[in-house]
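Yeah, the sequence shown ends on 543 if you go by the UniProt record's numbering, and it's all consecutive. Virtual Cβ for every residue (Gly too), placed ideally from N, Cα, C. Notes follow the structure.
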Amino acid sequence: MSYVNPLLRSGKPFRLSTSLTLMVCGVLISVLLVVYTLFFIQLGQVALNGLEEKTFAIARTLADSPQIIGGLQDPGQAAAIQPYAERVRQSNNLLFVVVTDMHGIRYSHPEPALIGKHFIGDDLEPALEGKEYHAVNHGVLAEALRIFTPVYNDRHQPIGVIALGISLDKVHAVINENRWTIPWALLFGVLVGALGIWCLVSVIKRIMLGFEPYEISALFEQRNAMLHSIKEGVIAVDAQARITLINPEAKRLFKQSAPLETLLGGNNTGETWVSLLNLQTVLKTGLARRDEEINFNGSLLLTNTVPIVVGKHIIGAVATFRDKTEISQLLQRLSGISNYADALRTQSHEFKNKLHVILGMLHMKNYPQLENYILQTANTYQTEIGSLMRKIKSPVMAGFMLGKINRARDMNIMLSVSEDSLLPDAQNEQTTMTLVTVLGNVIENAMEAIGNEENHEIIVSFHHQDEQLHCVVSDDGPGIQASLVPRIFELGFSTKGEDRGLGLSLVKQSLDAAGGTVELESEPGVFTQFFIQLPYKSTVAIP
1 MSYVNPLLRS
11 GKPFRLSTSL
21 TLMVCGVLIS
31 VLLVVYTLFF
41 IQLGQVALNG
51 LEEKTFAIAR
61 TLADSPQIIG
71 GLQDPGQAAA
81 IQPYAERVRQ
91 SNNLLFVVVT
101 DMHGIRYSHP
111 EPALIGKHFI
121 GDDLEPALEG
131 KEYHAVNHGV
141 LAEALRIFTP
151 VYNDRHQPIG
161 VIALGISLDK
171 VHAVINENRW
181 TIPWALLFGV
191 LVGALGIWCL
201 VSVIKRIMLG
211 FEPYEISALF
221 EQRNAMLHSI
231 KEGVIAVDAQ
241 ARITLINPEA
251 KRLFKQSAPL
261 ETLLGGNNTG
271 ETWVSLLNLQ
281 TVLKTGLARR
291 DEEINFNGSL
301 LLTNTVPIVV
311 GKHIIGAVAT
321 FRDKTEISQL
331 LQRLSGISNY
341 ADALRTQSHE
351 FKNKLHVILG
361 MLHMKNYPQL
371 ENYILQTANT
381 YQTEIGSLMR
391 KIKSPVMAGF
401 MLGKINRARD
411 MNIMLSVSED
421 SLLPDAQNEQ
431 TTMTLVTVLG
441 NVIENAMEAI
451 GNEENHEIIV
461 SFHHQDEQLH
471 CVVSDDGPGI
481 QASLVPRIFE
491 LGFSTKGEDR
501 GLGLSLVKQS
511 LDAAGGTVEL
521 ESEPGVFTQF
531 FIQLPYKSTV
541 AIP
């Protein structure tokens, strides 16, 4: 799935810098707005608490004042309460200072006309019971924070109440004094955040080699498609030689059926692959290794291993490899089909020549010689082609063997199929191709061993029983030394020089893959025999 920017609107994704700036600034502004709101809520509460404490302190001082106590106990001194209360109110910038007796009758008030009248509001009751109390209420003057403190006489008996009020406008004023401090801090925070985002984006873009996220996503999808489509194995490791990437073709070539997640990060199998492909060596030296051949379970792999360098640091290595054996097998199969086609062309050309001879004899009306020629040609067909077709029911194998017989004749070698042989046609084309590969390499190996020596013979026999094909290829060539027999099927081993030793290895590998076997017997200077057994289901039942 390709990357889709969440801020995509017009079909073209925003750049990484734009996306990050918008998202981070949005988060930053949201956080700062929450902080801004909480700050003013807390600021208002702190201001209110401070005013409460200050007003309670004034109220307690008034409650202990001799003028207040004396005025409440002695009606003759009551007139002194109002001027004293007003001085306190004005000096402390209070909304009101009201002194009442235990019946709620005012002894002082900012408006003298209200003196002698009852206090307005039910919030006086707790103070009349001897409790300090505060409340926010609407009074005659304004919305105010009211503080109530009881007044006691010398015997600690309540004789009245001090009620102080301070306008809540003062609380609002304190908040308004600091209202514009936070917006400036908010703006400063956004600017600093934007600068930080710009620096962060620069670092991220440098790490991502200047690519945008959606471009990286597209490259990732293209890489995956490429790794799954190519016919080369690919394995990548990090700087610690842990496998980080492996494509399906690599798993197939290494005959590994384990889940991919068990291979990534390194395990015994992964370590074997890393060592086999020389990835650790490349990580240490930083030098590429190209077109190296390695042998893995009988397969010849052609490998290229290169380091991954970022800046001046080696951060990993990647190995690509392909199966050289598969290419050779394809060439061998094509060679078998080519031999079949060559044999058909040879026979076609030969029969055209015979038809020309017959036509000439007809024109010359030389009928006795024509009869002898036709009989001789028919006998040759019966002894060669007809006999071969009776023994080998597979057209591909018959053409293949016919091509090998003609090639052997050109090399003065007698190649024949034994009289008691019978090879039915195979149900599976792959089985036929395997047999072409196996016999093609064994027969070619025998003909090369005989070389240009005359009077040598190669005999091939086929016997099919219980869905098993038993094939024997015998020659009277120079044979193979006993010390070399155990190594004859090894990849790269040959007695014929360099760049050889693939044919018999292909024989062993093809038979192993098909569930067959091959054995060898040889006596130097006398004979060589290959015993081949292959699972073989025929198209018809063999009696």
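Same chain only: Cβ atoms within 6 Å of residue i, ignoring 5 sequence neighbours per side
i	result
K537	Q427 and E467
L20	I197 and V201
V473	V442, V460 and F530
T539	D425 and Q427
L287	none
Nonlocal neighbours in the same chain, by C-beta distance under 8 Å from residue i, ignoring five residues either side
i	result
S416	I405, E457, I458, I459 and V460
V526	D476 and G479
I230	N247 and E249
Y367	M361
Three-state secondary structure assigned by DSSP to residue i
i	result
G165	strand
H109	coil
R189	Position check: residue 189 holds Gly in this sequence, whereas Arg was assumed. Of the three classes helix, strand and coil, the one that applies to G189 here is helix, per DSSP.
T434	helix
V396	helix
F148	strand
E212	coil
F531	strand
E429	helix
D154	coil
G50	helix
R290	strand
P307	strand
T61	helix
S538	strand
N353	helix
L422	coil
L370	helix
N441	helix
R15	coil
L362	helix
M414	strand
L283	helix
N278	coil
Rounded separation between residue i and residue j - CA only
i	j	result
T100	L51	22 Å
L48	G104	26 Å
N412	E444	14 Å
D512	L300	15 Å
H356	E419	33 Å
E232	R252	10 Å
N93	I166	8 Å
Y84	F40	37 Å
residue 544	I235	Any question about residue 544 goes unanswered here, given that the chain covers just 1 to 543.
V402	S505	It should be noted that the sequence gives Leu, not Val, for residue 402. Between L402 and S505, the C-alpha separation is close to 25 Å.
L28	F211	26 Å
T55	C199	53 Å
L62	Q73	15 Å
R155	G130	14 Å
L168	G44	10 Å
H228	A250	10 Å
H464	G479	27 Å
T244	D238	7 Å
L422	I385	15 Å
L491	Q509	10 Å
Nonlocal neighbours in the same chain, by C-beta distance under 7 Å from residue i, ignoring five residues either side
i	result
residue 545	Nothing about residue 545 can be reported from this structure: the residues present for the chain run from 1 to 543 only.
G71	Q77, A78, A80, I81 and Y107
I450	I413, H456, D475 and G477
R15	E212
V98	R106, S108, H109, F119 and A163
L38	none
Q369	M361
(message) Under 8 Å: do the stretch 306–317 and the stretch 277–288 share three or more Cβ pairs, one atom per stretch?
(response) yes
(request) Report yes or no: do the stretch 143–150 and the stretch 123–133 share at least 3 C-beta pairs separated by less than 8 Å? (result) Of all C-beta pairs linking the stretch 143–150 to the stretch 123–133, three or more are shorter than 8 Å, placing the two stretches in contact.
(request) Pair every Cβ in the stretch 509–525 with every Cβ in the stretch 477–490, then say whether three or more of these pairs are closer than 8 Å. (result) yes
(request) Only counting runs of 3 or more residues, tell me where the beta strand (DSSP E) segments fall wholly within the stretch 450–529, in order along the chain. (result) Runs of the beta strand (DSSP E) inside the stretch 450–529: 456–465, 468–475 and 517–523.
(request) Would you be able to state if there are at least three C-beta pairs under 8 Å between the stretch 110–118 and the stretch 55–70? (result) no
(request) Examine the Cβ distances between the stretch 186–194 and the stretch 29–42 and report whether three or more of them are shorter than 8 Å. (result) Yes: the two stretches touch, three or more of their Cβ pairs being nearer than 8 Å.
(message) My parser needs the beta strand (DSSP E) runs of 3 or more residues fully inside the stretch 65–137; what are they?
(response) Listed in chain order, the complete beta strand (DSSP E) runs (minimum 3 residues) inside the stretch 65–137 are 96–101.
(message) For the stretch 391–400 against the stretch 428–448, do three or more pairs of beta-carbon atoms, one drawn from each stretch, fall closer than 8 Å, so that the two count as touching?
(response) yes
(request) Give, in chain order, every unbroken run of the beta strand (DSSP E) that is at least 3 residues long and sits entirely within the stretch 220–262. (result) 233–238 and 243–246
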